[in-house]
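Written out below as structure tokens is the structure these notes cover.
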Amino acid sequence: MSAKHGIKMTRVDKAFTFFVYVFLTFCLLAVLYPLLYVVAASFSDPSAVATGKVWVWPVRPTLIAYQTVLGYRNIQTGFVNSFAYMFGSTALSLIGTIMAAYPLSRKEFVGRGVFTFVFAFTMYVGGGLIPTYLLISSLIMLDTYWVMVIPGMVSVWHVIMCRTYFQTTISDELYEAAEIDGCSDFWYLIRIILPLSMPILAVLGMYTAVGSWNGYFSAMIYLTSQEKYPLQITLRSILMLGRVEMTSIDDAEALQNMQALSTLLKYAVIVVASAPMMVIYVFVQKFFVKGVMIGSIKG
Amino acid sequence: MEKRMQKRLKQMRRHWQLYLIFLLPLVHVLLFKYAPMYGIVIAFKRYNPVRGILGSPWAGLKYFRQFFSSPLSWTVIINTLRISGLGLIFYFPFPIILAVALNECGNRFYKKTVQMITYAPYFISTVVLVGIILQVTDLRMGVINMAIQAFGGQPINFMGKPEMFTGIYIISDIWKGAGYSSILYLAALSGVSPELHEAAIVDGANKLKRVWHIDLPSILPTIVLQLIMGMGNIMNLGYEKVYLMQNDMNIAVSEVISTYVYKVGLQRSNFSFSTAIGLMNTVVSLVLVSTANFTARKLTGSSMW
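Structure, rendered in structure tokens:
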């Protein structure tokens, strides 16, 4: 920042700048290396991984791990389910959030103080794991596709963020003008508010999508049938419980090196499961920083 | 009074569409957030799934006494406090240092690169994160032990040593979250007036002094607010990551309140006992968060409410 001022850097300044770069480089490598290693290992020859020949770059590159992983049935259904849950919960959550945030943002909405409290209260007090489970159970939602998208439809935190955005970026005069032109509350939302709110909707959508794709706990407690499992559950059984279905491997040579291959598969599974989120990251990067900032605005 | 009521009713009638729109989310919150709060009564009952919440007999404070008389409960509380307390102490400075360093980085391209890479782990799932930990710390196939052996050392069974659990938990937390958490501080730093720096340069202050006397005091309110909120949330240690990192060897130090609630309730079907533990945790947390919030408002003038 201050280098621009054209004043010569002192020795302390130089040392300081040096340490800044050293620290940043350390952070960069510390975050990057494990990721690079996982990717490199997943493309390497099983025996090279097992004997510790892989450090940064794939050794004797092969796609055997990916062929096996992508041919694994539970991964395929997990992938499809996770995508369905992600799109479903993102769409529903955006609708639910807008429907709650829009009235709460309008000063003509009599009772909005009470309603805001009713919503915000749940951020600090909740029923807890078991009462929620019993509710889901009594709604006959256990082990259904719905349980993965409906309960999370209204996130109070998102509602507060969205309401604050509506209030701070869209002026009241706009409503007054629209009202004179005969615009109703509903059409004001559709025609005026929504087109002006794309940044916040992108950010909230991203949060929901990432949370949905990456979550495993609700699936673990509410789902019991394999064909409904999202990818993270399959991932957990492979990575933590070490359950790899070796019957899907018919390559005789590969069978010889089963343990090495199972390690390799874990790396490939990690890459496959994280790839969609990395793609999202690249696309939303522009909004990402902004989103954290909006999220930090107090309700 | 009468007149004001009438005016309000008139306004409500005029904006009936707002109420219609609001109906769905309101019902959702009442159903999925408030209905489970009613379910808390089973903490005071001997809940029997067949007889339902209303039909089950009252048990008074039986489950609360059971919790406090069991030595395991204290272990679970201490584990929770240790993991989140040490987590707060060691995690907390990292995002601040990273933000200051990024702010001082003159090379824009390098700054962007570091930002892009350090934010990336935010998008990695907990399952994948713990999977990576298990893989790289593996006794035979893990890259860390291979490196140790390459330098002539003895391999270490990282995940098998209880004394290493908290450390691994916190280091991986920093790895995953420090970049993301730094965004907040970086934003606060970008709000520091350049004039302050210019004046300090004229007075002969070097960079280190300017960071110490200008940048840090400027973002102090953000730091204090984050710290106090972190302390308020000390009992709210989530189950997702701890549960995945647990194994038979580290369970004595890794069983925390939230995972205990899950195991007692859903794995052993002791619904009432589990709900009682959860309720106590909620109450203590609420007190802590309220205190934290009150303190934050007194100290910095800003709070969450």
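Same order as they appear, the protein sequences are chains A and B. Residue numbers for the first sequence follow our numbering, so the first one is 1 and each next one is one higher. Residue numbers for the second sequence follow our numbering, so the first one is 300 and each next one is one higher. Even for Gly, the Cβ is constructed at its ideal location relative to N, Cα and C. The structure displayed is predicted, hence computed values, not measured ones.
Candidates the options, of which the one nearest residue i by Cα
i: Thr68(A); options: Phe288(A), Val284(A) and Lys266(A); result: Lys266(A)
i: Thr90(A); options: Thr10(A), Ser155(A) and Val31(A); result: Ser155(A)
i: Gln434(B); options: Val38(A), Val279(A) and Val284(A); result: Val38(A)
i: Gly564(B); options: Ile221(A), Tyr33(A), Leu104(A) and Gly152(A); result: Ile221(A)
i: Arg112(A); options: His314(B), Met463(B) and Arg381(B); result: His314(B)
i: Ile556(B); options: Thr379(B), Leu371(B) and Leu308(B); result: Thr379(B)
i: Val80(A); options: Thr62(A), Pro195(A) and Tyr229(A); result: Tyr229(A)
i: Ile522(B); options: Thr574(B), Val399(B) and Pro356(B); result: Val399(B)
i: Gly529(B); options: Val375(B), Gln305(B), Asn347(B) and Ile382(B); result: Ile382(B)
i: Phe19(A); options: Phe366(B), Asn347(B) and Leu401(B); result: Leu401(B)
i: Met240(A); options: Met258(A), Ser212(A) and Val269(A); result: Val269(A)
i: Ile513(B); options: Asn532(B), Ser492(B), Gly503(B) and Ala595(B); result: Ser492(B)
i: Tyr72(A); options: Lys53(A), Ser262(A), Phe288(A) and Val22(A); result: Ser262(A)
i: Ser481(B); options: Lys14(A), Leu24(A) and Ala219(A); result: Leu24(A)
i: Gly205(A); options: Pro103(A), Ile238(A) and Val284(A); result: Val284(A)
i: Met99(A); options: Ile320(B), Leu585(B), Thr374(B) and Ala334(B); result: Ile320(B)
i: Thr412(B); options: Val31(A), Gly52(A) and Ser212(A); result: Val31(A)
i: Val49(A); options: Asn444(B), Lys562(B) and Met463(B); result: Asn444(B)
i: Glu108(A); options: Ile416(B), Asn505(B), Gln310(B) and Asp502(B); result: Gln310(B)
i: Cys162(A); options: Ile136(A), Thr224(A), Ile193(A) and Thr234(A); result: Ile193(A)
Proximal chain B residues relative to residue i, where beta-carbon distance stays under 7 Å
i: Phe288(A); result: Tyr418
Span separating the alpha-carbon of residue i from that of residue j
i: Val271(A); j: Ile431(B); result: 10 Å
i: Ile527(B); j: Leu536(B); result: 15 Å
i: Asp172(A); j: Leu325(B); result: 24 Å
i: Ala551(B); j: Tyr318(B); result: 52 Å
i: Val560(B); j: Leu397(B); result: 36 Å
i: Val292(A); j: Ile200(A); result: 11 Å
i: Arg236(A); j: Arg191(A); result: 44 Å
i: Met86(A); j: Leu428(B); result: 20 Å
i: Ala591(B); j: Ala260(A); result: 50 Å
i: Ser214(A); j: Ser82(A); result: Before going on, a small fix: residue 214(A) reads as Asn here, not Ser. C-alpha separation (whole angstroms): 9 Å.
i: Ala3(A); j: Gly405(B); result: At Ala3(A) the pLDDT is 48, less than 50, meaning the model places this residue with poor confidence and gives no usable figure here.
i: Gly299(A); j: Met153(A); result: Since pLDDT at Gly299(A) reaches only 36, below the 50 mark, its modelled position is unreliable, and the value read off the structure follows with that caveat. Cα to Cα, the separation comes out at about 19 Å.
i: Leu329(B); j: Ala101(A); result: 16 Å
i: Ala273(A); j: Ile455(B); result: 29 Å
i: Arg11(A); j: Glu497(B); result: 19 Å
i: Asn549(B); j: Thr465(B); result: 10 Å
i: Met1(A); j: Leu92(A); result: No answer about Met1(A) holds up, because its pLDDT of 46 lies below 50 and its placement is not dependable.
i: Phe217(A); j: Pro34(A); result: 25 Å
i: Thr97(A); j: Arg106(A); result: 15 Å
i: Arg312(B); j: Val110(A); result: 10 Å
i: Arg364(B); j: Phe331(B); result: 29 Å
i: Asp143(A); j: Glu227(A); result: 10 Å
i: Ile352(B); j: Phe287(A); result: 46 Å
i: Arg407(B); j: Leu322(B); result: 49 Å
i: Gly384(B); j: Lys361(B); result: 30 Å
i: Gln566(B); j: Ile377(B); result: 22 Å
i: Leu519(B); j: Ala487(B); result: 9 Å
i: Ser368(B); j: Leu598(B); result: 39 Å
Proximal residues of chain B, C-beta to C-beta of residue i below 9 Å
i: Pro61(A); result: Under the 9 Å cutoff, chain B gives no residues; its nearest Cβ is about 18 Å from Pro61(A).
i: Asn214(A); result: Phe422, Ile423, Ser424, Thr425, Val426 and Val427
i: Ser184(A); result: Gln316
i: Asp143(A); result: Ordered by position in chain B, no residue passes the 9 Å Cβ test against Asp143(A), which lies about 14 Å from the chain.
Chain-ordered neighbours of residue i on chain B, where CB pairs are closer than 8 Å
i: Leu28(A); result: Thr412, Val413, Ile416 and Thr417
i: Ser230(A); result: According to the sequence provided, residue 230(A) is Pro. The question's Ser does not apply to it. Neighbours of Pro230(A) on chain B: none; closest Cβ ~10 Å, over 8 Å.
i: Leu32(A); result: Ile416
Contact set between residue i and chain A, taken where Cβ atoms lie within less than 8 Å
i: Ile339(B); result: Gly127, Gly128 and Pro131
Neighbouring residues, chain A, relative to residue i (Cβ below 9 Å)
i: Ile447(B); result: Within chain A, no residue comes near Ile447(B); the closest Cβ sits about 11 Å away, beyond 9 Å.
i: Leu543(B); result: Tyr216, Arg236, Leu239 and Met240
i: Ser573(B); result: Gly128, Leu129 and Ile130
i: Ala591(B); result: None at all; the shortest Cβ gap to chain A is about 11 Å.
i: Ile556(B); result: Simply none; closest approach about 11 Å.
Closer than 7 Å: residue i CB and nearest the ligand GDP heavy atom
i: Gly127(A); result: Ligands are entirely absent from the displayed structure, and the ligand GDP is therefore not among its contents.
Next on the checklist: Below 8 Å, how does it come out for the region 163-180 of chain A and the region 121-132 of chain A: are there three or more Cβ pairs, yes or no?
Outcome noted: no
Item to check | alpha helix (DSSP H) runs contained entirely in the region 535-568 of chain B, provided each spans 4 or more residues | outcome: 538-544, 550-553 and 556-561
Next on the checklist: Using a Cβ distance threshold of 8 Å, determine whether the region 58-74 of chain A contacts the region 450-464 of chain B, with at least three qualifying pairs required.
Outcome noted: The region 58-74 of chain A, when compared against the region 450-464 of chain B, does not touch it at the 8 Å Cβ threshold.
Next on the checklist: With three or more beta-carbon pairs closer than 8 Å as the criterion, would you say the region 468-477 of chain B touches the region 414-421 of chain B?
Outcome noted: Contact holds: three or more Cβ-Cβ distances are below 8 Å.
Checklist entry - Quick check: the region 338-347 of chain B against the region 573-582 of chain B, are there 3 or more CB pairs under 8 Å? => result yes
Next on the checklist: Using 8 Å as the cut-off, can you tell me whether the region 462-470 of chain B makes contact with the region 280-289 of chain A, which would need three or more C-beta pairs spanning the two stretches below that distance?
Outcome noted: no
Next on the checklist: List, from N- to C-terminal side, the beta strand (DSSP E) runs of 3 residues or more that fit wholly inside the region 357-429 of chain B.
Outcome noted: none
Checklist entry - In chain order, which alpha helix (DSSP H) runs of at least 4 residues are fully inside the region 54-119 of chain A? => result Qualifying alpha helix (DSSP H) stretches, in chain order: 64-70 and 73-105.
Checklist entry - Hey, which unbroken runs of the alpha helix (DSSP H) at 4 residues or more fall wholly within the region 148-206 of chain A? => result If only complete runs of 4 or more residues are kept, the region 148-206 of chain A shows the alpha helix (DSSP H) at 156-169, 172-180 and 185-188, in order along the chain.
Item to check | 4 or more residues per run - each alpha helix (DSSP H) lying fully within the region 462-507 of chain B | outcome: 493-501
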